[in-house]
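Reviewing the structure listed below.
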Amino acid sequence: MKTTEEVLGHHLKTFAEGDMDGILADYDDSSVVITPEETYRGLDEIPTFFEELFTDFGQEGAYADIDLQTIEGDIAFITWHGETPDNVYEFCTDTFVVEDGVITTQTFAGKIESK
């Protein structure tokens, strides 16, 4: 079984690669991703959350940098910032709850400004 640190490392790597199959390997049908706008449940809905991010960060010159990464037991917390040709991600935060090697709950919030 993967540790919280291993799951987070895989998640960040596959996000940077825009790898939807890799991202989804970190979740299962009972997983939820909670944002201020919407809650995505299970493997049928969670890809919707990542599709727009992959499109935005898949553009030439886009980047995202981790500012803080903390892991305490089954919980991982990150803050990050980034920029794409279309948006400035001034301050973003994700919290991940990892149980039995799977992200069961993720929260995301951020200050994102269109250019």
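Residue numbers (the UniProt record's numbering): 1 to 115. In this text, a Cβ means the ideal position worked out from N, Cα and C, and glycines have one as well.
Start-to-end residues for the alpha helix (DSSP H) that takes in residue i
| i | result |
| --- | --- |
| D86 | Neither: D86 is in no alpha helix (DSSP H) and is coded neither H nor E. |
DSSP bridge partner residues for residue i (one or two, in chain order)
| i | result |
| --- | --- |
| F77 | T70, T95 |
| G82 | A64, Y89 |
Which of helix, strand or coil DSSP assigns to residue i
| i | result |
| --- | --- |
| E6 | helix |
Range covered by the beta strand (DSSP E) that runs through residue i
| i | result |
| --- | --- |
| Q106 | 102-114 |
Residue i to residue j span [Cα, whole Å]
| i | j | result |
| --- | --- | --- |
| I23 | M1 | 17 Å |
| D44 | E6 | 24 Å |
| G82 | I71 | 21 Å |
| V32 | I75 | 14 Å |
| R41 | I66 | 26 Å |
Chain C within 9 Å of residue i, Cβ atoms only
| i | result |
| --- | --- |
| D67 | Absent from the structure: chain C. Only one protein chain is present. |
Open item on the list: At 3 residues or longer, what runs of the beta strand (DSSP E) sit wholly inside the segment 9-47?
Closed with: If we require 3 residues or more, the beta strand (DSSP E) runs fully inside the segment 9-47 come out as 32-34, 39-41.
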